[in-house]
Every structure is written in structure tokens, then in C-alpha cells.
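Engineer: To convert a position in the sequence shown, counted from 1, into our numbering, add 623.
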Amino acid sequence: MLQRTASDTISGEAARPGAKVTLTEIAAHADVSRATVSLVLRESPLVRDETRQRVLGAIKALNYVYDRSAARMRGRHSQTVGVIIVDLTSSFYAELTAGIDAALDRAGRIAFLANTGEDLDRQARVLARFREQAVDGVILCPAEGATVETLHQLTSANMPCVQVLRHVPGAQTDYVGTDNRLGTRLATEHLIERGHERIAFVGGDADTSVAHDRKAGYLDAIKQAGLPPRLLLCPNTKVASAGIVQAALLADAPPTGFVCFNDPTAMGAMSGASRAGQRPGHEVAIVGFDDIGDAAMTFPSLSSVAVQPQALGEAAADLLLKRIASPGGPPCRIITPPRLVIRGSSENAVGPGRRGPALQAAGE
């Protein structure tokens, strides 16, 4: 639970002797967030006029006096944080961003949100603009191909930065993510336990830490079981995975199990299997990754590795706030354990290794 900041209690004075009006009290009176009150006091253009008038009415009703000299002393902090995400159209990143925003709002800060679309040039421009805006810190999901030099413009300016979900090898910043390697290992071991011997990994052709770790987890389990690996590398989209899975199932010795890079890739794999005449959850088993909200709504429902993106977002924001308050010390890494959620897409689809003699004979 985050504590109220010191600035919350010294921002103004009430007419009643010995009493101080806080921004939190004004926010409650106006039914807005504390951050909105702060923006109104700083005459920010980001606030709608109707909201501004409601806050000003609360200030008048509570007889609040804005202490501008104290505000100038606190001016070294802008109360803003830059957030850079690679795909704002993704429901997974939407959940992550919601967690970041909730934690920042509790701390009275506003997020400046930007989307890179995996464009390194755009990422560089956004980082430069965040520096120009003097944000207090940055939460960054690095675009594909990002390097240590990418983060140099932040670290050289001593601007706190937390990488989230992905990390740039060698970058000396804080990081919050899940154990991706463990996640795909759990998914692959689940299919092996169900008797599958021809298991393919689908998606993950990007040059990111997440893609490398998820492929590695799959290969760990495959090697441990003495099975041949099959990497069906493709973009992490429904269209790409549907095509590559359909082709794989129509070829000789097709896979019976699929471990997919993420849930959209798995949903595409389910479509590709159906086109090839193989029913997901029956003839083939499919497991996704991330456990987004739609995973339980597919038919059959999608088995997936759950990582709780909203909680990751909150953890990243909380870590950044701590780093802003205490800039020194070595980088901190927070790695959360994933959890395999087994549903209809893999629960009852057994491979040859789990079929009895009668079932194998019937299938010949």
C-alpha cells in the first residue's frame, strides 16, 4: 500500500486555525483524483473545463490557499511519468497499462502514454520528448531490436527507468517481468504428460528477450523428454499462425500438440487446425501464453500460461516510484512466477503416448 506523499499535507492552508487542507480532501470533495487537483493548481491544459470548475469550486468551499512558494520548492518533480508500450491495440498491453495507471494514480501522478509499434526511431523520439518534458521517470517495454544505447539517453541523464515485460541485455535499469522460460516449459511438459510426442512451438520469430526465453523454455522440456523439436516460427498474429499450423497439419508426421508464443497466436493455431480438419481439444492440443480475458471465451476454451499483466503493471509503477524517491542502489529485478491454466484446448486431447492399445488400433 503506497503512503500519501509529503506534498499532500503541505500544499495549502485552511481558514480554520491549525488545520491544513490536503489535495486528497479537495479531490474527494470534487470527486476527482488527487492528480487532477494538482493539474488544476498548475493550470494545466490537460483538464476539461467542467472538471476544472468543479475542482475550483471545491477549493473555494474548503477555503484552500495554494502555497506557490512551496510548489516551486517541490518543482524538481513534475509528478508525471512516461510510459512506452509496443502495441496499444493489444488487450494484453491494455491490461498492463491499466495496472500502471492505477498505481500512478494512487501516488498522485499522471502518465504520458506512447506507442512505438516496434519502431525504434519512434521509440527514440518519444524518449527524447519525455526528457524534454522532464518526466520524473520512464516505464519502458523496449521495441524489438533495442540495445543498451537505446537507454543511454535516460541513464546518462540519471532519469529513473523500469523496463517491463521485455529487457535489453546489459542495460543497468530496474526490470519487472514474468519467468517466460518457465512458462513455456510448463506448457510443453503438460503436453508431454498428455502423451504428445510431436510438439511444435508456434510464433516467436521476433528478436526480443521474451521470444528468446519462451523458445528456450519449450526447447528445455523437449530436450529433457528426448523428443525432436519443431519450431514453426512466424509473426505473433492469428493470420500467420493459422497458416503455418494448417500447413504443418497437412504435411507428413504432423504435430499433435502446439505450444504457442501468446494467446492470439494460439487462437490462430486453433483456426488453422480446424481448416486442416483437426479439432482443437480432440485430435490436437493447443496451449497459449498470457491468459488474456478472451482465452476462456474461445471454443474450446484455451489453455494458457497466466502472467497477470495488470499486476505486472502495478509492480512496475510501484518500483519506479520507489526509484524516484531513492535514486541510488543497484538495479532491481522482479520476476513473477507464471501459472498454467488448463482448459478444453488441451485437457482431453491425448497424444499417442497416452492411448491404450485398443484406442491406437481403432485409430489406425
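Using N, Cα and C, we set each Cβ at its ideal position, and we do this for glycine too.
Report the three-state DSSP secondary structure of Leu854 (helix, strand or coil).
Structural biologist: Residue mapping note: residue 854 aligns to position 231 of the sequence shown, counting from 1. Strand.
Engineer: Going by the DSSP bridge assignment, what does Thr959 pair with across the sheet?
Structural biologist: What you label residue 959 is simply residue 336 of the sequence shown in a count that begins at 1. Looking at the DSSP assignment, Thr959 forms a beta bridge with Thr801.
Engineer: With Phe922 as the anchor, note down where its alpha helix (DSSP H) starts and where it stops.
Structural biologist: Reading the sequence shown from its first residue, position 299 is the one you call residue 922. Taken as a continuous stretch (DSSP letters only), Phe922 belongs to no alpha helix (DSSP H), as it is neither H nor E.
Engineer: Hey, how far is the Cα of Ala769 from the Cα of Met920?
Structural biologist: The residue you call residue 769 lines up with position 146 of the sequence shown. The residue you call residue 920 lines up with position 297 of the sequence shown. Near 35 Å, if we compare the C-alpha coordinates of Met920 and Ala769.
Engineer: In the stretch 750-798, which residue ranges form an unbroken beta strand (DSSP E) of at least 3 residues, counting only runs that do not cross its ends?
Structural biologist: Qualifying beta strand (DSSP E) stretches, in chain order: 761-763, 784-787.
Engineer: Could you work out which residue in Val644, Val787, Ser661 is closest to Gly705 when comparing CA atoms only?
Structural biologist: Position 82 of the sequence shown holds residue 705. Ranking Val644, Val787, Ser661 by Cα distance to Gly705 puts Val787 first.
Engineer: Could you tell me the distance, in whole angstroms, from the CA atom of Ala810 to the CA atom of Ala940?
Structural biologist: One-based indexing of the sequence shown puts residue 810 at position 187. One-based indexing of the sequence shown puts residue 940 at position 317. Distance between the alpha carbons of Ala810 and Ala940 is about 29 Å.
Engineer: Ends of the alpha helix (DSSP H) at Thr659?
Structural biologist: As a working note, residue 659 is residue 36 in the sequence shown. Looking at the DSSP string, the run of the alpha helix (DSSP H) that includes Thr659 is 657-664.
Engineer: Please list the terminal residues of the continuous beta strand (DSSP E) segment that includes Asp742.
Structural biologist: If you number the sequence shown from 1, residue 742 lands on position 119. Unbroken run through Asp742: none, as it is neither H nor E.
Engineer: Count the other C-beta atoms from every protein chain shown that fall within 10 angstroms of the C-beta of Cys955, then say buried if there are 16 or more, exposed otherwise.
Structural biologist: Mapped onto the sequence shown, residue 955 falls at position 332. It counts as exposed.
Engineer: Could you tell me the distance, in whole angstroms, from the CA atom of Gly967 to the CA atom of Gly904?
Structural biologist: If you number the sequence shown from 1, residue 967 lands on position 344. If you number the sequence shown from 1, residue 904 lands on position 281. In a straight line, the C-alpha of Gly967 is about 6 Å away from that of Gly904.
Engineer: Which same chain residues end up closer than 7 Å to Ser864 when comparing Cβ atoms and leaving out the 5 residues on each side of it in sequence?
Structural biologist: Residue 864 sits at position 241 when you count from the first residue of the sequence shown. Around Ser864: Val825, Gly826, Cys857, Cys883, Thr888, Gly891, Ala892, Gly895.
Engineer: Using 9 Å as the threshold, is the C-beta distance between Ser927 and Phe912 below it?
Structural biologist: Counting from 1 along the sequence shown, the entry for residue 927 is found at position 304. Counting from 1 along the sequence shown, the entry for residue 912 is found at position 289. It is a contact, given that the beta carbons lie within the stated cut-off.
Engineer: Classify Ala569: buried if its beta carbon has 16 or more other beta carbons within 10 angstroms, exposed otherwise.
Structural biologist: One cannot answer for residue 569 here, as it falls past the ends of the chain, which runs 624 to 987.
Engineer: If you count every other CB in all the chains shown that lies within 10 Å of the CB of Arg732, and 16 or more means buried, which is it?
Structural biologist: Reading the sequence shown from its first residue, position 109 is the one you call residue 732. By the neighbour-count rule (16 or more Cβ atoms within 10 Å), Arg732 is buried.
Engineer: Short of 6 Å in beta carbon distance, which residues of its chain neighbour Gln901, apart from the five on each side in sequence? Order them along the chain.
Structural biologist: By one-based count along the sequence shown, residue 901 stands at place 278. Around Gln901: Leu872, Val907.
Engineer: Within 10 angstroms of its Cβ, does Ser667 collect 16 or more other Cβ (buried), or is it exposed?
Structural biologist: Locating residue 667 in the sequence shown gives position 44, counting from the first residue. The residue in question, Ser667, is exposed, as its Cβ has fewer than 16 Cβ neighbours within 10 Å.
Engineer: Ordered along the chain, which non-local residues of its own chain (more than five positions away) have a Cβ less than 6 Å from that of Arg677?
Structural biologist: Working through the sequence shown from its first residue, we reach residue 677 at position 54. If we look at Arg677 and ignore the five residues flanking it on each side, its Cβ neighbours are Ala653.
Engineer: Since Ile708 and Asn738 should fall inside the 8 Å C-beta cutoff, what is the C-beta to C-beta distance between them, to a whole number of angstroms?
Structural biologist: Within the sequence shown, numbered from 1, the residue matching residue 708 stands at position 85. Within the sequence shown, numbered from 1, the residue matching residue 738 stands at position 115. Their Cβ separation, rounded to whole angstroms, is 6 Å, which keeps Ile708 and Asn738 in contact under 8 Å.
Engineer: Looking at the unbroken alpha helix (DSSP H) that takes in Ile965, where does it start and where does it end?
Structural biologist: Here residue 965 is taken as the residue at index 342 of the sequence shown, counted from 1. Note, Ile965: premise wrong, no alpha helix (DSSP H); not H, not E.
Engineer: For the beta strand (DSSP E) containing Val910, list its first residue and its last residue.
Structural biologist: Indexing the sequence shown from 1 puts residue 910 at position 287. Where Val910 is concerned, the enclosing beta strand (DSSP E) stretches over 908-913.
Engineer: What span of residues does the alpha helix (DSSP H) with Phe884 cover, start to end?
Structural biologist: Start at 1 with the first residue of the sequence shown, and residue 884 comes out as number 261. Phe884 -> no alpha helix (DSSP H), and no H or E assigned at all.
Engineer: Per DSSP, what kind of secondary structure is Tyr687 in: helix, strand or coil?
Structural biologist: Numbered from its first residue, the sequence shown carries residue 687 at position 64. DSSP places Tyr687 in coil when its eight states are reduced to three.
Engineer: To the nearest angstrom, report how far apart Pro852 and Lys838 are at their CA atoms.
Structural biologist: Here residue 852 is taken as the residue at index 229 of the sequence shown, counted from 1. Here residue 838 is taken as the residue at index 215 of the sequence shown, counted from 1. Their backbone Cα atoms lie some 10 Å apart in a straight line.
Engineer: Go ahead and pull the three-state DSSP assignment for Gly904.
Structural biologist: As a first step, residue 904 must be located in the sequence shown, where it is residue number 281. In this structure, Gly904 counts as coil in the three-state DSSP scheme.
Engineer: Which residues in the same chain as Val749 place their Cβ atom closer than 8 Å to its Cβ, once the five residues preceding and following it in sequence are excluded?
Structural biologist: The residue labelled residue 749 in the question sits at position 126 within the sequence shown. If we look at Val749 and ignore the five residues flanking it on each side, its Cβ neighbours are Gly705, Ile707, Ala737, Thr739.
Engineer: Sort Gly818, Leu942, Gln933 by Cα distance to Phe881 and report the nearest one.
Structural biologist: The residue labelled residue 881 in the question sits at position 258 within the sequence shown. The shortest Cα separation from Phe881 among Gly818, Leu942, Gln933 belongs to Gly818.
Engineer: Can you say whether His813 is buried or exposed, counting buried as having 16 or more other CB atoms within 10 angstroms of its CB?
Structural biologist: As a position in the sequence shown, residue 813 is number 190, starting the count at 1. Under this definition His813 is a buried residue.
Engineer: Take every Cβ of the stretch 771-786, pair it with every Cβ of the stretch 942-962, and state whether three or more of those distances are shorter than 8 Å.
Structural biologist: At 8 Å Cβ cutoff, the stretches touch.
Engineer: How long is the line joining the alpha carbons of Gln586 and His700, rounded to whole angstroms?
Structural biologist: The chain is shown only over 624 to 987; residue 586 falls outside these bounds and no answer can be derived.
Engineer: Here's a check: name, in chain order, each residue in its chain whose Cβ is nearer than 8 Å to the Cβ of Arg808, leaving out the five neighbours to either side.
Structural biologist: To locate residue 808, count along the sequence shown from 1; it is residue 185. Excluding positions up to five away in sequence, the list reads Gly840, Tyr841, Asp843, Ala844.
Engineer: Which residue comes first and which comes last in the beta strand (DSSP E) that contains Gly705?
Structural biologist: If you number the sequence shown from 1, residue 705 lands on position 82. Here the beta strand (DSSP E) through Gly705 covers 703-708.
Engineer: Which residue comes first and which comes last in the beta strand (DSSP E) that contains Ala823?
Structural biologist: For this step, residue 823 is matched to residue 200 along the sequence shown. Unbroken beta strand (DSSP E) run through Ala823: 822-825.
Engineer: Run through the DSSP bridge pairs and tell me what Val868 is partnered with.
Structural biologist: On the sequence shown, position 245 is the one that residue 868 refers to. None, per the DSSP bridge assignment.
Engineer: Can you tell me whether Ala929 is helix, strand or coil according to DSSP?
Structural biologist: Working through the sequence shown from its first residue, we reach residue 929 at position 306. Residue state, collapsed to three classes: strand.
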